[in-house]
Each structure stands twice: as C-alpha cells, then as structure tokens.
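Report on the structure given below.
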Amino acid sequence: PPPAQKHGSGGGMAFGEVDLGDAPSGGAEIISGTPEEAPLPSAPAPAAGASIIGSAASPTEIAIGAAPVRSRGRVDSDDERRGRGRWFAAGAFVLVIAGAALELTPYGAFARYPISDALHASDYQRATMATAAAARTQLLTDIYPDSKSAADAVDAAHKGSPRARELTAYLAVSEFEHQLRFGVDADRSARARVALGEIPPNLPIKYALVATALQDALGDLTRGRASLDAASKRDPGDPIQEDIAYAHGALELRARDGKAANAAFQKALGMRPSDAAKNARAHYGLARSLYLDGDAAGARKEIDLTMTASPKHAGARYLKAKIAWEIDHDDASALDGLGSILEGAFKDSASPTEQANALSLRGDLQAARGRSADARAAYESALKLEPHNVDALIGQGEVLFSEGRFTEALSRFDTAVQADALSVRAILSDAKGKIALEHLADAKTQLTAARAAFPKDARVAVELGKSDEALGDKPAAEHEYLAAIDLVDATKTEAIEPYVALAALLAGEGRTKDAEAKLEEARSRLQDSAPMQRALGEVAAAQGNFDDAVTHYLSAIQKNPTDISTKFLLGVTYRKMGKMDLASAALDDVVGSDKDYPGLAPERG
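Here the numbering used here is used: the first residue of the sequence shown is 614, the next is one more, and so on.
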C-alpha cells in the first residue's frame, strides 16, 4: 500500500484521499497499518441524517468526523505476502511439471498430441487415403521390385506424418501384404511390428484390425482366416476391402483351396473394373487358383493375361514352365522359361522365393532326366536363397533317397513337412522315407491321416497302398491301388504309378493275366509319354520280360533323348540279358552325362 497521505489546506484531493470537511490546521491522518499498530478510536453517535457504512464499525473501518468510512481493506504483513507467493509459485511449478510429464504418455506435454490430432484429423485421413491408393495402383504389376517400392513409399509417408495413426496401420498392412505374396522377410516383418507397436491398443484406429489379421495370416491359416473375416466386416465401403480380398486369396492358396482363392481374386478384380486389363496381381492369383484345381487351360489363359498386363512378371513364367513340364511333357520349353527367370531378362523382377521355386523346378526336371548332379546343385542353390523352400527340401531328399541314403533323405522330408504341413508331396516323400527305414507303423498313421485330409488325391492312395503292402496287407494295398486308378488325372506324369504298383502286386501273387490287363488299360487310357514307357519297361523287367523291357526303354529314350535314368535302366537290362557290349555302350552314355549317377559304378564293374 502507498504511504500515508496528509491533506493540506488549499490543495486538491489526491487519489485515495478522503474529504474531511473543515479539518483542523495541518489536516487529519488516514491511519494505516494493523489494529495492533494503531488502535482505532470509538466512533461517536451519528448525527441526524448521517449515514453509517455497514451495521457496525469493524476494525478495518476508520471513524472520521460524523460517519465511519471503510478503508481499502486490511493490509497483509510481509510474511503473509511472502507465504502466499511461495504457495502460488509451488502450485504453478506443480502444474508445469504435471503438464510436462504428459510428454511421457501418448498425450504429449500439456495434451498437445490429442489437440494436434483433432486439428489435423482431416489432413491425416487425406494423406492415408492418397498413400494407400498410390500403393494399390503400383501393386497391380505384381512384381517384386514394385511391391517393395510401394511398401517403402508408405513408410516414407508415415515418417512424414508420424501422428497419422491410420497411415501407421496401413504401413503394417502393406508390409504384411508384401510378405504374403513374395515370402517372409525379417526386416520387413520388424518394420511392420514396430508400426503396430506405435498404435495405442485402447484406441479404435482404422486399419489396425486389418494389419493384425494379415499378421495372423502369415503365421496360422485358421487364425488368419478368422481374423480376415472379422476385418472384412469393418468399413465395408472402404478401399481397404481390396487389400483384404488379395490377402484372402493368398491365404486360400496356402490352404490349397483353389475355389476359395479363385473367388477372392475375382472379387479383387471386380473392385477395379477399369484396370482389369493391367491388373496382373488379380490375373496371376486366378492363374494359380485354376492350376491348383487342375484347370490347366484356364490357368494358361490367365497366365497370358498376366504377362500382357505385366511383361516382366516372373511368377507367371514360372507357372507356365511348370505346366509345360507336368502336363505338356515339354522339357525344353520348361527349361527355357526357367532360364529367363534365373539368368535372363526377368531375373531382376523375381523375388528370392520365386527364384528358389524356379531352381527347385529345374532340379525336379534334371532329376527326372536322371541328371542327379545337376539336380543336386539346383536344390542347393534354392536352399541358399530360401532355407525352408519346401520343393527344394523334397528334391534334395529325393536325390539322397535315390542314392540309398535313407536317413539323410528322411531328415529333409521331415523338415519339409514342418515347413508346410499341407504339402501332399512332402507328406508322401516323408512316408516313403519311413517305409524305407521300416518305420511302417508311423508311415501308416501318417498316410491314413493324409488319405482322410485329401480323399481325391491319387498319389496319397498309391502311397497308402505301398504301406499296406509293406505291412503284408495285400488286399488293403490292392484296394488303395484301385482307388488311385479311379482318381488319377490322365494328363499327369504320375498317372502311370497306380497301374504299375497294382501290376507288380498282381504279378507277385501269380495273377499275371490280371497284371497285363491293367497295363493294357494304362496304355489305352493314358497319354503315351517317356515316363509311361519307362514305367512299363520297369514292370516288364521286374517280371523277367527283358525283351519287352528293352522295347519300352528304347521308346522312352526316343521320346526324350536326354533321359539318363532310362539309359541306365537299359544298360542294366542288357547286362542281365548277357549283352555286355550293348550294356557297356548304354552305361558309357550315362558316364558322359553324370559320372556320379547312383548305382553306376557297381553296374559298370
């Protein structure tokens, strides 16, 4: 408060002074301070007409003249003023610390994040939609470099707007989607997991459910399918449904459900009707689903559409080579197609998984031609690119099996089954290895389960028949071989196998005429091919009909001059017939192609 003022005669009134009327000379003081410092006098009785402020004079009122006048209030002491200042400063400090401490929470200091997010919500949404749309367009080519680039572009956008939670979720979607198509990548899995970790678990962030579903799809088929179904019910009109459709298709291909995969890819194709001609992503998905269902003609049509839409598409060329070998029995075309992926113009557009698949198929081709050394090299190269490539593991195991190294072969087969429990080829090879090592009960159990899971697969029925035969149950074996004959696809190279197995069983029981009848049925029903002629030659040789065996072997070699395995069988048959010159010539031909061919050295000796 200001110091006490004195009112002098002849002067004006200053701010805060009281007009005292006729004051004595020298003026009257306005008493300041506390009651203890200046006791107040008793107020006289009010004169007539005088007003009194309040009903009674308090210690803070000053009696001046006839009427008491309230002063500006009780003035605090220095200690009180300092105490209140300290409390105010402490409260302000606490508020500042509490506000700053929010920086350690998802809200940010002084809740700046929720405020900023609310202000920029529309900007974040537009950025997410634009980034996702650009990524989907880039993915239409369905080649590995473009898929990586699309995911990297989403990551760059995320770094530019790290508070855009929808964009963060879509980053995880794009990374998991890339791996569903082109194979698991540890670095990209880590990036996707980090993105998911940035999303607060208690907030309903758009696309977070889709990202989690794709993560489930990469791990477990059942859980992934359920998660994708749940995610598809959220935001039904959002473009994210296109990503979900492709993920469904990829998942059903892994589950070996061609019809469900086809429906998913058809749905995805229909979401971009104006881009149908350049949608290699959907067309290649349809090609794989049709091939899985045995529709080779439909698959070829979709392969052509894929390559037209995306001329550098490596996956389509791999599938075309696979069909050329398995159905058309055209080794040359198959090898040319694989060469374009592995060494030619399309090498840079193939993912490591696609290259490993191409190497595995090359290994299968070389193994079927008896070139075990070339096959072994191809499988080893494939496993360097992808250590758990199922086809490469099986192929490597088959080479070891042909060399009589059954324990090592079974190890490869076991690993293949662990990598893909739904691979029929892996299951059959694994059971074959167990039968060779006389683990007959285990083989029977495994094949019985496979027969229930794949009731329409002739290969499973054949192998189950072989396990029954090894266990001495020949009637059960005959039943399974006959079932396999009813199921067999006449266009496949393995279509001759149930006929050969049944003929051998019947011949072993002395039912020669029945055996010959089944082989004659095979000739009339199946396409004439090198594999069929070789199989017929093996049956004839096993029955001691060496002349017939030689005829079949020569026919097989004429159809496929590079087939070393048939040349080896021809040399063995000549040796059994005592025709040593012819035997030596045939075996020398094998040496020129593969000096380490299994069993070659003993036969030459």
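Glycine included, each C-beta is placed from N, C-alpha and C at the ideal position.
- T781 burial status per 10 Å Cβ neighbour count (16 or more: buried): buried
- Helix, strand or coil at T1175 [DSSP, three-state]: coil
- Query: How should W700 be labelled, buried or exposed, when 16 other C-beta atoms within 10 angstroms of its C-beta is the threshold for buried?
  - Reply: Under this definition W700 is an exposed residue.
- Task: Could you spell out where the alpha helix (DSSP H) holding N875 opens and where it closes?
- Result: 871-883
- Item | Alpha-carbon spacing of R1064 relative to S1036, whole angstroms | Separation of R1064 and S1036 (C-alpha to C-alpha, rounded to the nearest whole angstrom) is 13 Å.
- When you compare each of K1172, P1215, N1173, Q1156 to G1184 by their alpha carbons, which one comes out closest? P1215
- Item | Distance, A1049 Cα to K1079 Cα | 11 Å
- From L816 to F789, what does the alpha carbon distance come to, in whole angstroms? Going from the Cα of L816 to the Cα of F789 covers about 21 Å.
- Taking DSSP as the reference, what is the three-state secondary structure of A1154? helix
- Query: Should A1226 and V786 be called a contact, given that it needs their Cβ atoms to be closer than 7 Å?
  - Reply: The requested residue 1226 is not part of the displayed model; the chain covers only 614 to 1218.
- Message: I need the DSSP call for H1165, collapsed to helix, strand or coil.
- Response: helix
- Task: Could you check how far apart the C-beta atoms of K769 and A748 are, in whole angstroms? I think they sit under 8 Å.
- Result: Here residue 769 is Ala; the residue named in the question, Lys, does not match the sequence. Actually they do not touch by this definition, with Cβ atoms about 11 Å apart.
- Message: Buried or exposed, going by whether 16 or more other CB atoms sit within 10 Å of the CB of K1208?
- Response: exposed
- Report yes if the C-beta distance between I1170 and R984 is below 7 Å; otherwise report no. no
- Query: Under the rule that 16 or more other beta-carbon atoms within 10 Å means buried, what is G646, buried or exposed?
  - Reply: With a pLDDT of only 42 at G646, under 50, the local geometry of the prediction cannot be trusted, and no value is derived from it.
- Query: If you compare alpha carbons, which of L822, D736, D949 is closest to P842?
  - Reply: Before going further, note that residue 842 is Asp rather than Pro in the sequence given. When only C-alpha atoms are compared, the closest one is L822.
- Based on Cα-Cα distance, which residue from A910, D736, T966 lies nearest to L793? T966
- Residue from P1068, V807, P758 whose Cα sits closest to the Cα of P775: V807
- Cutoff 8 Å; reference N970; Cβ partners in own chain excluding five residues on either side: The answer, listed in chain order, is Y931, A995, N1002, D1004.
- Task: Locate the alpha helix (DSSP H) running through S902, then write down its first and last residues.
- Result: Here the alpha helix (DSSP H) through S902 covers 893-905.
- C-alpha distance - L809 paired with Y783, whole-angstrom precision: 9 Å
- Item | Length of the line joining the Cα atoms of G1008 and R989 | Between G1008 and R989, the C-alpha separation is close to 8 Å.
- Measuring alpha carbon to alpha carbon, tell me which of G1085, M1145, L752 ends up nearest A893. Comparing Cα-Cα distances from A893 to each of G1085, M1145, L752, the minimum goes to L752.
- Can a CB atom of chain D be found closer than 7 Å to the CB of E788? The displayed structure is made up of one protein chain only, and chain D is not part of it.
- Going by alpha carbons, who is nearest to A1135 out of G1123, Q1156, L1167, D1102? D1102
- Message: Within 10 Å of its beta-carbon, does K1045 have 16 or more other beta-carbons around it, so buried, or fewer, so exposed?
- Response: buried
- So, is G1010 buried or exposed, given that buried needs 16 or more other C-beta atoms within 10 angstroms? buried
- CA nearest to the CA of L1139, picked from K1131, T1104, L1149: If we check each option's Cα against that of L1139, T1104 comes out closest.
- Query: Shortest alpha-carbon distance to K960 belongs to which of E939, P814, A929, K872?
  - Reply: A929
- Item | Whole-angstrom C-beta distance between A1116 and V1152, which should lie under 8 Å | Indeed they touch by this definition, with Cβ atoms about 5 Å apart.
- Task: Give me the Cα-Cα distance between S840 and R847, rounded to the nearest whole angstrom.
- Result: 11 Å
- Do L1077 and L1060 have their CB atoms nearer than 7 Å? Taking 7 Å as the Cβ cut-off, L1077 and L1060 qualify as a contacting pair.
- Message: According to DSSP, simplified to helix, strand and coil, what is P886?
- Response: helix
- Excluding the 5 residues preceding and the 5 following A868 in the sequence, name in chain order all residues of the same chain whose CB lies nearer than 6 Å to its CB. L834
- Write down the C-beta distance between L951 and R975 rounded to the nearest angstrom, noting that I regard them as a contact closer than 8 Å. 5 Å
- Looking at the unbroken alpha helix (DSSP H) that takes in Y992, where does it start and where does it end? 985-998
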